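A.B. asks:
In mature numbering (1 follows the signal peptide of the UniProt record, and there is no 0), the protein residues as written are -21 to -1, 1 to 62.
#1: Mapping the DSSP letters down to three states, classify residue 25 as helix, strand or coil.
#2: I need the straight-line Cα distance from residue 44 to residue 6, nearest angstrom please.
#3: Evaluate the contact criterion for the region -21 to -7 versus the region 25 to 43: three or more CB pairs, one atom per stretch, below 8 Å.
#4: Tell me, to the nearest whole angstrom, how far the beta carbon of residue 59 is from that of residue -5; I am working on the premise that it is less than 8 Å.
#5: Assuming the contact rule is C-beta atoms closer than 8 Å, residue 23 and residue 41 should be a hit. Round their C-beta distance to whole Å, please.
#6: Do you know whose CA, among 9, 15, -16, -19, lies nearest residue 53's CA?
See below:
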């Protein structure tokens, strides 16, 4: 009885090994994001407020938003060009 279990276990082991050895090689296919997501962001229009303080606030917010957005886009473009 013990011998049958050992033979059954070995048979299952070999069948498992032979079954997995014949599988096709895994092919990795990378999907890239659409080109619209890789394009740089457009600048916002200037505000209607024409005071110096308002323009400075708008300029700082615009520069920060463009830096963050374009850094994200540059990272996506670099990732898409990797092989």
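Note that beta-carbon positions come from the ideal geometry of N, C-alpha and C, so glycine has one too. Computed from a predicted structure; not experimentally measured.
C.D. replies: Taking the coordinates as given:
#1: DSSP places residue 25 in the coil class of the three-state scheme, outside both helix and strand.
#2: The straight-line gap from Cα to Cα measures roughly 39 Å.
#3: No contact exists between the region -21 to -7 and the region 25 to 43.
#4: Incorrect: roughly 39 Å between the Cβ atoms, too far for contact.
#5: 6 Å
#6: Cα-wise, what sits closest to residue 53 is 15.
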